[in-house]
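Let me begin by presenting the structure, written as structure tokens, before commenting on it.
There are 2 protein chains.
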Amino acid sequence: MEISDKTAPGGAAREAGEIGYTLDTQVGFLLRRATQRHLAIFAGRIPDLTATQFAALAKLCEAGPQSQNALGRLTAMDAATIKGVVDRLRAKGLVAARRDPDDQRRITLAPTPEGRAAFDASVGAAHAITAETLAPLTEAERKTFLDLLIRLT
Amino acid sequence: MEISDKTAPGGAAREAGEIGYTLDTQVGFLLRRATQRHLAIFAGRIPDLTATQFAALAKLCEAGPQSQNALGRLTAMDAATIKGVVDRLRAKGLVAARRDPDDQRRITLAPTPEGRAAFDASVGAAHAITAETLAPLTEAERKTFLDLLIRLT
DNA sequence: GGCACAGTGTTTGTATGCGAACAATCTCCG
DNA sequence: CGGAGATTGTTCGCATACAAACACTGTGCC
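Printed below as a string of structure tokens:
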């Protein structure tokens, strides 16, 4: 990458060999901003659940009953994080927990009827959230973007 | 909304008209996972600052002194968030603050010499973080990805 | 001049997210 | 059998994130 010797706004002619840095074009910053926008869209369409809570509930509905830590792995949350998420889903009455009789350490989680109903009622909104998040892109671009994004995980 | 009579795990014959939902292919979930991976790479290469703290420091070095809220806008953090970030940067001695004489409400923030030195010393690592984050993609794919990502912000 | 309104920073409350340490339990292997 | 080591869930501490309410200051407009 070439070194520009521009006098940055508010800043400093760069010395020869100095490497510039522009926050606004960094992947990390763009990922954070895209996530922020997505979460705002999510909160607008599914106000009663956070994206994280919905993910956990959806995974339970999709993959069937799971131990708490297993659910965490399926939803990319560590043990400490999934605990809080599950506690809140239980408090809302959307998820039920019972000790696994075969392994006293494990807690088996399953959606309650209310949980499954809430999930079913939200699937349409969830798809709309995805659509709105990707709305700035054409259909072909969406596919390209998702293909590339999945390789960065 | 349909009650599926599916037999759980992974499972499930869907009824006609029912809309499926697979967490693992949703943009939001992929964005979160990509961000997680990026943050892990960041923490490995710049252990003394979080990505957020580095972003704020970098923006101050790049754009010059700013009021606290203005810095928050430049770094996509709301007033409550930027306050905590700035407090921690000040505690580390990387950022200095003074009341703006022309506007008693404002706090003008600027990097200290130590802050600028820390930034200069980390720019190389920051570029390496970007490179490692995007490493799974080819050069052409990286450009495509960033072009699409920027449109989702 | 004075007042409505906007902007700035602070605080509180809630919700991720992760590292680290911990007790209880299970598994495996000698 | 029995102990080393792994797994599971919990707790603590720290660091984003954002909504909402607040006090204070500045601006514009009558």
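Sequence order for the protein chains is L and S. Its first residue numbered 3, the first sequence is counted upward by one per residue in the working numbering. Its first residue numbered 3, the second sequence is counted upward by one per residue in the working numbering. Cβ atoms here follow ideal geometry from the backbone N, Cα and C, with glycine treated the same way. Quick caveat: nothing in here was measured; it's all calculated off a predicted structure.
Note down, in chain order, each residue of its chain lying with its Cβ closer than 6 Å to the Cβ of residue i, except the 5 sequence neighbours on either side.
{"i": "residue 127 of chain L", "result": "47, 48"}
{"i": "residue 190 of chain S", "result": "Given that chain S is displayed from residue 3 to residue 155, the structure contains no residue 190 of chain S and the question cannot be resolved."}
{"i": "residue 104 of chain S", "result": "none"}
{"i": "residue 133 of chain L", "result": "none"}
{"i": "residue 1 of chain S", "result": "Because chain S spans 3 through 155 in this model, residue 1 of chain S falls outside it and cannot be assessed."}
{"i": "residue 182 of chain L", "result": "Since the first residue shown for chain L is 3 and the last is 155, residue 182 of chain L is missing from the structure and cannot be characterised."}
{"i": "residue 123 of chain L", "result": "none"}
{"i": "residue 13 of chain S", "result": "The predicted position of residue 13 of chain S is uncertain, since its pLDDT is 42 and thus under 50; a value taken from the coordinates is nonetheless stated next. Same-chain partners within the cutoff: there are none."}
Leaving out the 5 sequence neighbours to the left and right, which residues in its chain are closer than 7 Å to residue i when beta-carbon positions are compared?
{"i": "residue 121 of chain S", "result": "59, 60, 63, 113"}
{"i": "residue 53 of chain S", "result": "41, 44"}
{"i": "residue 21 of chain S", "result": "none"}
{"i": "residue 87 of chain L", "result": "54, 55, 58, 79"}
{"i": "residue 92 of chain L", "result": "99"}
{"i": "residue 150 of chain L", "result": "none"}
Which of the three DSSP states is assigned to residue i in this structure?
{"i": "residue 4 of chain S", "result": "In this prediction, residue 4 of chain S scores a pLDDT of 38, lower than 50, which makes its location untrustworthy; the coordinate-derived value is nonetheless stated afterwards. DSSP places residue 4 of chain S in coil when its eight states are reduced to three."}
{"i": "residue 14 of chain S", "result": "Caution applies to residue 14 of chain S, whose pLDDT of 47 falls short of 50 and renders its modelled position unreliable; the value that the coordinates give is listed next. Three-state result, residue 14 of chain S: coil."}
Should residue i go down as buried or exposed, given a rule of 16 or more other Cβ atoms within 10 Å for buried?
{"i": "residue 137 of chain S", "result": "exposed"}
{"i": "residue 144 of chain L", "result": "buried"}
{"i": "residue 27 of chain S", "result": "exposed"}
{"i": "residue 119 of chain S", "result": "exposed"}
{"i": "residue 55 of chain L", "result": "buried"}
{"i": "residue 140 of chain L", "result": "exposed"}
{"i": "residue 57 of chain L", "result": "buried"}
{"i": "residue 117 of chain S", "result": "buried"}
{"i": "residue 78 of chain L", "result": "buried"}
{"i": "residue 34 of chain L", "result": "buried"}
{"i": "residue 142 of chain S", "result": "exposed"}
{"i": "residue 95 of chain L", "result": "exposed"}
{"i": "residue 36 of chain L", "result": "buried"}
Excluding five sequence neighbours on each side, which residues of the same chain lie with their C-beta closer than 8 Å to the C-beta of residue i?
{"i": "residue 76 of chain S", "result": "61, 65, 68"}
{"i": "residue 31 of chain L", "result": "25"}
{"i": "residue 110 of chain S", "result": "67, 68, 69, 99, 100, 101, 102"}
{"i": "residue 90 of chain S", "result": "55"}
{"i": "residue 131 of chain S", "result": "40, 43, 44, 47, 48"}
{"i": "residue 147 of chain S", "result": "136, 139"}
{"i": "residue 84 of chain L", "result": "58, 70, 71, 73, 74, 77"}
{"i": "residue 155 of chain S", "result": "none"}
Using a Cβ-based criterion (distance less than 7 Å to any ligand heavy atom), does residue i qualify as near the ligand NAP?
{"i": "residue 146 of chain S", "result": "This structure lacks the ligand NAP, and indeed carries no ligand of any kind."}
Requested in this report: Check each residue of the region 23-39 of chain S: if its Cβ is closer than 8 Å to any Cβ of chain L, include it; give the result in chain order.
Outcome: Of all residues in the region 23-39 of chain S, 23, 24, 25, 27, 28, 29, 30, 31, 32, 33, 34, 35, 36, 37, 38, 39 have a Cβ within less than 8 Å of some Cβ in chain L.
- Query: In chain order, what residues of the region 102-124 of chain S put their CB closer than 7 Å to some CB of chain L?
  - Reply: Along the region 102-124 of chain S, there is no position whose C-beta sits under 7 Å from a C-beta of chain L.
Check your understanding: If contact means a Cβ-Cβ distance below 8 Å, which residues of the region 136-148 of chain L contact chain S?
Key -> Taking 8 Å as the upper bound on Cβ-Cβ separation, chain S lies near residues 136, 138, 139, 143, 146, 147, 148 of the region 136-148 of chain L.
Could you run through the region 50-61 of chain S and flag, in chain order, every residue whose CB is less than 7 Å away from some CB of chain L?
-> 53, 57, 60, 61: these are the residues of the region 50-61 of chain S whose beta carbon lies less than 7 Å from some beta carbon of chain L, given in chain order.
* Could you name each continuous beta strand (DSSP E) segment of 3 residues or more that falls completely within the region 105-155 of chain L, going from the start of the chain to the end? => Every unbroken stretch of the beta strand (DSSP E) spanning 3 or more residues and falling wholly within the region 105-155 of chain L is given here in chain order: 105-113.
Return the chain-ordered ranges of every alpha helix (DSSP H) run that is complete within the region 46-89 of chain S and spans a minimum of 4 residues. 53-65, 70-76, all fully within the region 46-89 of chain S.
Counting only Cβ-Cβ distances shorter than 8 Å, please list the residues of the region 81-97 of chain S near chain L, keeping chain order. Within the region 81-97 of chain S, no residue has a Cβ lying closer than 8 Å to any Cβ of chain L.
At a Cβ cut of 9 Å, what residues of the region 63-83 of chain S count as close to chain L, listed as they run along the chain? So the close ones are 63, 64, 65, 66, 67, 68, 76, 77, 78.
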